[in-house]
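J.: Input: one structure, supplied below.
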Amino acid sequence: MAAVSEVQVTIRRKQANAGRGAPRSVVLRLNEGASRKRPDLASNSTDQASPPTVATVLTAKEQLARQIGEPVEQIRLILAGRVLDDSTTLEALQLGATTTLHAFVCELDDGQPCGQLRSGKLRLRCETCKSDAVLVKEEPSSWNDVLTSKRIRIDCSDCVSDSPAFAEFFFKCVLCGSIAPPLQQVRANTSHAECCVCGEVLNPAINFLCPLSPLHICCLDCFVAYAGCCLEDRRFQLRDGAGYTIGCPMAGCAGMIVDGHHFHLLGDTHYDLYQHQAAEILVLGDGAGVFCPRVGCGAAFFLDAVDDAGAVNGVALCPECGLTFCRECHQETTVKCQCDQSAGRQNNEAVGCSSEVGADGDLMRSLTTIGATCKKCPRCKVPTERNSGCAHLSCRQCGAQWCWLCETLWTDECQWNHWFD
Numbered sequence: 001m002a003a004v005s006e007v008q009v010t011i012r013r014k015q016a017n018a019g020r021g022a023p024r025s026v027v028l029r030l031n032e033g034a035s036r037k038r039p040d041l042a043s044n045s046t047d048q049a050s051p052p053t054v055a056t057v058l059t060a061k062e063q064l065a066r067q068i069g070e071p072v073e074q075i076r077l078i079l080a081g082r083v084l085d086d087s088t089t090l091e092a093l094q095l096g097a098t099t100t101l102h103a104f105v106c107e108l109d110d111g112q113p114c115g116q117l118r119s120g121k122l123r124l125r126c127e128t129c130k131s132d133a134v135l136v137k138e139e140p141s142s143w144n145d146v147l148t149s150k151r152i153r154i155d156c157s158d159c160v161s162d163s164p165a166f167a168e169f170f171f172k173c174v175l176c177g178s179i180a181p182p183l184q185q186v187r188a189n190t191s192h193a194e195c196c197v198c199g200e201v202l203n204p205a206i207n208f209l210c211p212l213s214p215l216h217i218c219c220l221d222c223f224v225a226y227a228g229c230c231l232e233d234r235r236f237q238l239r240d241g242a243g244y245t246i247g248c249p250m251a252g253c254a255g256m257i258v259d260g261h262h263f264h265l266l267g268d269t270h271y272d273l274y275q276h277q278a279a280e281i282l283v284l285g286d287g288a289g290v291f292c293p294r295v296g297c298g299a300a301f302f303l304d305a306v307d308d309a310g311a312v313n314g315v316a317l318c319p320e321c322g323l324t325f326c327r328e329c330h331q332e333t334t335v336k337c338q339c340d341q342s343a344g345r346q347n348n349e350a351v352g353c354s355s356e357v358g359a360d361g362d363l364m365r366s367l368t369t370i371g372a373t374c375k376k377c378p379r380c381k382v383p384t385e386r387n388s389g390c391a392h393l394s395c396r397q398c399g400a401q402w403c404w405l406c407e408t409l410w411t412d413e414c415q416w417n418h419w420f421d
């Protein structure tokens with residue numbers, strides 16, 4: 001194919017907060033600066049021309065940047081749906097007289113994710129080598145083929161492995177281009193169903209995948225408010241197949257959020273809190289985890305069966321704030337604790353460490369008051385006061401459901417015998 005000197009380029013501006021702008025077309029002159037003369041220092045002659053420069057995508061972007069007055073770093077050239085690499089030669093692209101290149105001027109902030117709920121572009125690549133130079137042997141027939149690995153076989157031109165190659169599907173944000181997980185429960189409200197919280201008909205909405213009909217949906221604003229309150233009140237629960245999540249706001253419904261990525265809708269601050277709480281629940285669920293008793297810390301961590309401090313004097317060290325406390329009664333101390341944890345719990349007495357109680361009368365009086373009015377959560381040992389309500393308590397620190405009278409985790413026996421005591 002004969003080389004062309006000009007090619008049509010359609011330019012779109014892709015702004016961080018405004019999406020795609022209106023397109024405009026320019027003619028890109030590919031031969032500009034391809035051959036220039038330079039003086040021959042040996043013969044003092046200026047008749048010899050320099051070797052022709054190999055035109056690449058980068059040189060084309062530089063010429064286009066001069067024509068339209070935009071930074072070359074923000075220009076992306078696209079041919080047949082693929083972003084062209086800067087090192088690719090124009091000859092290898094086999095551009096014709098009727099070929100049209102697409103250029104995007106991307107005004108983004110350092111390539112950072114936009115952090116917004118947006119539509120996504122479905123893309124695929126080789127699951128093994130991540131190359132996009134693949135040929136699909138069969139098309140996906142359902143969303144399960146897209147969301148489940150090793151369902152669609154491909155031929156990968158870059159993969160050196162002899163084992164069968166499979167497609168890996170992923171989604172890219174239409175605004176910032178970053179790869180993001182799909183939110184399967186954010187769906188178009190095609191049935192015009194009312195939000196189960198506010199009663200408005202809004203689109204899109206959260207579908208809680210309720211097993212019974214009618215399905216319960218929740219508008220995005222109500223979902224953010226509902227999930228945020230549940231997070232702050234530690235009403236999230238561990239559920240099989242879904243992890244640390246919340247259920248449908250409708251009473252008695254078994255629907256839930258099955259993918260934790262949906263909680264990105266709450267914002268970065270709440271999502272960090274969600275991850276922190278989920279890690280704490282994992283630590284406590286193992287049976288060897290504790291909460292730091294210091295007010296304002298509350299870090300959850302594992303207590304080794306034998307460690308440098310505990311093997312000698314029964315003292316635990318918080319890795320976050322550095323507090324040392326008794327492994328049994330969770331009172332702050334730096335020496336071996338003389339407490340009788342089991343006796344103190346049975347008699348509801350103030351449980352403290354002898355080295356500190358005798359040294360500070362105010363501390364002793366404080367411990368006495370706490371021992372007289374509070375009971376410890378059976379899971380995280382935080383002192384808890386009940387000022388009203390039934391005997392069924394929910395710990396604000398670890399989320400444990402426990403009985404005020406039995407001082408154990410809540411059971412059916414507790415509910416039948418003394419729920420209202």
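Numbering follows the numbering used here, in which position 164 of the sequence shown is assigned residue number 164; successive positions increment by one, without gaps.
Ideal Cβ placement from N, Cα and C applies to all residues, glycine included.
1. Can you check the stretch 43-127 for any beta strand (DSSP E) of at least 3 residues that lies completely inside it and give the ranges in chain order?
2. Would you call the CB atoms of Gly255 and Pro211 closer than 9 Å?
3. Buried or exposed, going by whether 16 or more other CB atoms sit within 10 Å of the CB of Leu41?
4. Under the three-state reduction of DSSP, which class applies to Asn207: helix, strand or coil?
5. Name, in chain order, the residues that DSSP records as bridge partners for Thr333.
6. Based on Cα-Cα distance, which residue from Phe208, Ile11, Leu79 lies nearest to Cys248?
7. Would you list the residues sitting across from His392 in a DSSP beta bridge?
8. Of all the options Glu328, Phe263, Arg151, which has the alpha carbon lying nearest to the alpha carbon of Leu183?
9. Bridge partners for Met256 per DSSP, in chain order?
10. Assuming Cys377 contacts Glu385 under a Cβ cut-off of 8 Å, what Cβ separation, rounded to an integer in Å, is found between them?
11. Where do the ends of the beta strand (DSSP E) carrying Val134 lie?
12. Please report how far the alpha carbon of Arg235 lies from the alpha carbon of His270, in whole angstroms.
13. So, with DSSP's three-state summary, where would you put Thr411?
14. Within 10 angstroms of its Cβ, does His192 collect 16 or more other Cβ (buried), or is it exposed?
15. Considering only DSSP beta bridges, list what Arg294 is partnered with.
16. Determine the DSSP secondary structure at Ala316, reduced to helix, strand or coil.
17. Can you give the Cα-Cα distance for Gln94 and Gln277, rounded to whole angstroms?
18. Do you know how far the Cα of Leu282 is from the Cα of Leu317?
19. Decide if Val57 is buried, meaning its Cβ has at least 16 other Cβ atoms within 10 Å, or exposed.
T.: Let me spell this out:
1. 75-79, 100-107, 120-126
2. The sequence position of residue 255 within the sequence shown is 255, counting from 1. The sequence position of residue 211 within the sequence shown is 211, counting from 1. Yes, these two residues count as a Cβ contact at 9 Å.
3. Indexing the sequence shown from 1 puts residue 41 at position 41. Low per-residue confidence applies at Leu41: pLDDT is 47, beneath 50, and the placement is therefore not dependable, though the value from the model is reported in the following sentence. Exposed: under 16 other Cβ atoms inside 10 Å.
4. In the sequence shown, counting from the first residue as 1, residue 207 sits at position 207. Three-state DSSP puts Asn207 in a strand.
5. Residue numbering aside, residue 333 sits at position 333 when the sequence shown is read from its first letter. Answer is none; Thr333 lacks a bridge partner.
6. Here residue 248 refers to the residue found at position 248 of the sequence shown. Of the candidates Phe208, Ile11, Leu79, the one whose C-alpha sits nearest the C-alpha of Cys248 is Phe208.
7. For the purposes of this step, residue 392 is identified with residue 392 of the sequence shown, where counting begins at 1. His392 pairs with Cys403.
8. Numbered from 1 along the sequence shown, position 183 holds the residue referred to as residue 183. Here the closest residue by C-alpha is Phe263.
9. On the sequence shown, residue 256 is found 256 positions in, with the first residue counted as 1. Looking at the DSSP assignment, Met256 forms a beta bridge with Gly247.
10. Taking the sequence shown and counting its residues from 1, the one referred to as residue 377 is at position 377. Taking the sequence shown and counting its residues from 1, the one referred to as residue 385 is at position 385. With a Cβ gap of about 11 Å, Cys377 and Glu385 do not count as contacting.
11. Counting from one through the sequence shown, the residue named residue 134 turns up at place 134. Residues 134-136.
12. Translated into the one-based positions of the sequence shown, residue 235 becomes position 235. Translated into the one-based positions of the sequence shown, residue 270 becomes position 270. Each residue's Cα considered, the two are about 14 Å apart.
13. Numbered from its first residue, the sequence shown carries residue 411 at position 411. Correct three-state label for Thr411: coil.
14. Along the sequence shown, read from residue 1 onward, the residue named residue 192 stands at position 192. By the neighbour-count rule (16 or more Cβ atoms within 10 Å), His192 is not buried but exposed.
15. In the sequence shown, residue 294 corresponds to position 294, counting from 1. DSSP output for Arg294 lists no bridge partner at all.
16. The residue labelled residue 316 in the question sits at position 316 within the sequence shown. Here Ala316 sits in strand by DSSP.
17. Against the sequence shown, residue 94 aligns to sequence position 94. Against the sequence shown, residue 277 aligns to sequence position 277. Going from the Cα of Gln94 to the Cα of Gln277 covers about 56 Å.
18. If you number the sequence shown from 1, residue 317 lands on position 317. If you number the sequence shown from 1, residue 282 lands on position 282. In a straight line, the C-alpha of Leu317 is about 19 Å away from that of Leu282.
19. By one-based count along the sequence shown, residue 57 stands at place 57. Classification of Val57: buried, given that the 10 Å Cβ count is 16 or more.
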